[in-house]
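Down below is the structure, laid out as structure tokens.
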Amino acid sequence: MYTFIMQFPADFLWGTATSAYQTEGYNTNSDWWYWEKGKYPKSKRKAFIGETSGMACDSYNRYEEDFNFAKNMNNNAIRFSIEWARIEPRKGEWDQTEVEHYKKVIKAAKERGLKTFVTLHHFTKPIWFSKLGGWLNPFAPKWFANYAKKCAEEYSDYIDFFITLNEPQVYSLQAYWRATWTPKIKCKLFALISQLTQIKAHKKAYTAIKFVDNSAKVGLSKHIVRYERVTNDRGKASICTKLVCKVLHYLTTNFFLDPIKKHLDFIGLNYYFTAWMKNFKEKNPEMESSDLGWILYPEGLKHILLNLKKYNLPIYITEHGLADAWDQKRQWYINESLKFVYEAMESGVDVRGYLHWSLIDNFEWHIGFWPKFGLIEIDREHNLTRKPRPSFYMYSQICRTGKVE
Ligand code: BGC
57 MYTFIMQFPA DFLWGTATSA YQTEGYNTNS DWWYWEKGKY PKSKRKAFIG ETSGMACDSY
117 NRYEEDFNFA KNMNNNAIRF SIEWARIEPR KGEWDQTEVE HYKKVIKAAK ERGLKTFVTL
177 HHFTKPIWFS KLGGWLNPFA PKWFANYAKK CAEEYSDYID FFITLNEPQV YSLQAYWRAT
237 WTPKIKCKLF ALISQLTQIK AHKKAYTAIK FVDNSAKVGL SKHIVRYERV TNDRGKASIC
297 TKLVCKVLHY LTTNFFLDPI KKHLDFIGLN YYFTAWMKNF KEKNPEMESS DLGWILYPEG
357 LKHILLNLKK YNLPIYITEH GLADAWDQKR QWYINESLKF VYEAMESGVD VRGYLHWSLI
417 DNFEWHIGFW PKFGLIEIDR EHNLTRKPRP SFYMYSQICR TGKVE
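For the sequence shown, the tail end lands on 461 under our numbering, and the numbers increase by one without skipping.
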């Protein structure tokens with residue numbers, strides 16, 4: 057039988073991704089920790105319910121072990137984040153010990169031959185910043201840019217790709233629309249304001265980093281959902297459905313990317329799922345889904361990439377993965393998705409890397425530890441032992457050969 061082998065370019069970046077709060081443990085100066093500890097806000101309705109992060113995966117201490125796994129998986133790139141609250145625990149005060157800690161972390165990745173994608177803000181913020189209103193405070197962009205400048209001054213020699221913000225719109229929706237994350241305020245206006253503030257924050261941080269190191273590569277990680285139309289027997293969708301998909305597409309892509317496109321050296325894309333819309337309602341077909349019930353639709357990735365082509369910027373897929381505790385669908389999902397990435401590249405989209413979420417199982421925010429996103433299992437009963445899943449070995453082959461079939 058004839059099998060078509062897709063050979064990715066030799067300089068394609070293959071990697072894995074994590075974030076600080078989800079893996080490090082004991083981020084005691086972060087707002088999420090404060091919330092977990094029931095200190096803030098006081099009202100019952102806004103209290104934290106669920107599993108707390110605790111020592112997470114202890115990656116604060118075990119980062120070298122984690123990077124060794126990435127290297128053994130033939131990764132040539134890695135994404136992780138700096139916990140802002142550690143290095144600026146009080147406004148304008150740098151904790152030099154923590155600054156040095158992250159220098160060691162980033163250097164440890166470089167020493168293992170990994171290109172570094174370093175996120176400056178992955179959802180969690182210092183307590184002082186949140187107490188001042190977080191992304192609702194008009195001075196927030198200035199404070200964030202100040203922190204970004206510090207990171208550039210300290211680390212720009214070792215950071216290959218700066219990611220200013222991770223999924224800014226997801227943060228706004230969770231905090232102010234669905235009100236599932238602290239500060240849990242249901243207010244559409246706040247959801248909008250916090251997005252606009254983050255647009256400004258990205259621009260300011262971009263300028264601040266470039267001021268320190270003009271050759272630095274700066275982008276952000278944007279979560280994009282693919283919206284498909286539910287059609288009738290004749291393959292037609294209603295006008296309302298078409299309109300709804302257009303608006304949602306605009307909101308999830310152009311609304312945020314258009315104003316910052318001149319302040320981007322690359323686009324980081326996070327893709328997890330596709331949603332099928334029938335008028336104003338989501339009506340997903342019966343399809344493969346993850347342990348979290350997210351529809352696994354590899355083709356969606358190609359559609360999104362084709363849509364991003366208009367920005368004329370290099371694209372790195374900075375997150376893509378699934379919760380799959382028994383590792384039954386991960387190999388299929390990675391392989392199929394990469395085929396669609398390849399097809400998008402054949403159609404002229406400048407995709408330069410793929411970073412799988414996640415290297416290790418980690419703290420899935422308000423849902424706790426049960427969703428298992430890792431290529432490596434973390435045995436929480438036995439000293440957080442790292443155990444590669446079968447898909448680890450499969451992905452390591454792809455990373456080594458650059459071949460997908
Ligand atoms: C976030 C990660 C999260 C992952 C899976 C992304 O939206 O950046 O922090 O763990 O999705 O939910």
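C-beta: ideal position from N, C-alpha, C; glycine also.
Residues that DSSP places opposite residue i in a beta bridge
| i | result |
| --- | --- |
| Phe-64 | In DSSP, Phe-64 forms no bridge with anything. |
| Ser-277 | Asn-222 and Gly-324 |
| Trp-413 | Ala-73 |
| Pro-182 | Ser-86 |
| Ala-133 | Gly-71 and Lys-171 |
| Thr-441 | Asp-435 |
| Glu-284 | Trp-332 |
CB contact check: residue i to chain C, cutoff 8 Å
| i | result |
| --- | --- |
| Lys-147 | The chain inventory of the structure shown lacks chain C, comprising one protein chain alone. |
Inter-residue spacing [alpha-carbon to alpha-carbon] between residue i and residue j
| i | j | result |
| --- | --- | --- |
| Gln-63 | His-412 | 18 Å |
| Ala-103 | Glu-420 | 18 Å |
| Asn-83 | Phe-185 | 15 Å |
| Ile-371 | Pro-354 | 17 Å |
| Glu-156 | Val-174 | 15 Å |
| Tyr-203 | Leu-299 | 40 Å |
| Val-407 | Leu-170 | 18 Å |
Own chain residues within Cβ distance below 7 Å of residue i, not counting five before or after
| i | result |
| --- | --- |
| Thr-108 | Glu-92 |
| Tyr-119 | Val-161 and Ala-164 |
| Leu-362 | Ala-400, Ser-403 and Val-405 |
| Asn-391 | Val-460 |
| Ile-316 | Ile-255, His-258 and Lys-259 |
Three-state class that DSSP yields for residue i in the structure shown
| i | result |
| --- | --- |
| His-305 | helix |
| Phe-217 | strand |
| Leu-299 | helix |
| Ala-331 | strand |
| Thr-84 | coil |
| Tyr-353 | coil |
| Ser-250 | helix |
| Arg-408 | strand |
| Lys-244 | helix |
| Val-161 | helix |
| Asp-122 | helix |
| His-376 | strand |
| Lys-337 | strand |
| Val-460 | strand |
| Ser-345 | strand |
Of the listed residues the options, nearest to residue i (C-alpha basis)
| i | options | result |
| --- | --- | --- |
| Asp-380 | Tyr-389, Thr-374 and Ile-373 | Tyr-389 |
| His-177 | Glu-156, Cys-207, Gly-424 and Val-460 | Cys-207 |
| Val-268 | Leu-252, Ile-215 and Ile-280 | Ile-215 |
| Leu-357 | Lys-366, Leu-325 and Val-460 | Leu-325 |
| Leu-71 | Phe-125, Arg-101 and Gly-81 | In the sequence under discussion, the amino acid at residue 71 is Gly, which differs from the Leu named in the question. It is Phe-125. |
| His-319 | Thr-308, Asp-122, Tyr-306 and Ala-264 | Ala-264 |
| Glu-167 | Phe-429, Pro-182, Pro-197 and Lys-127 | Lys-127 |
| Ile-143 | Leu-248, Ser-86, Tyr-232 and Thr-308 | Ser-86 |
| Lys-256 | His-438, Leu-276 and Gly-110 | Leu-276 |
Neighbourhood of residue i by C-beta distance below 6 Å, restricted to the same chain and skipping five residues each side
| i | result |
| --- | --- |
| Thr-79 | Ala-112, Cys-113, Ser-115 and Asn-418 |
| Thr-74 | Phe-136, Ser-414 and Leu-415 |
| Phe-230 | For the sequence presented, residue 230 should be read as Gln rather than Phe. Closer than 6 Å at the Cβ level, and outside the excluded window around Gln-230, lie Thr-236 and Trp-237. |
| Ala-201 | Lys-260, Ala-261 and Ala-264 |
| Phe-179 | Tyr-227 |
Close beta carbons around residue i, own chain, < 8 Å, minus the five adjacent residues each side
| i | result |
| --- | --- |
| Glu-338 | Ala-331 and Trp-332 |
| Gly-430 | Ser-414, Leu-415, Ile-416, Asp-417, Asn-418 and Arg-445 |
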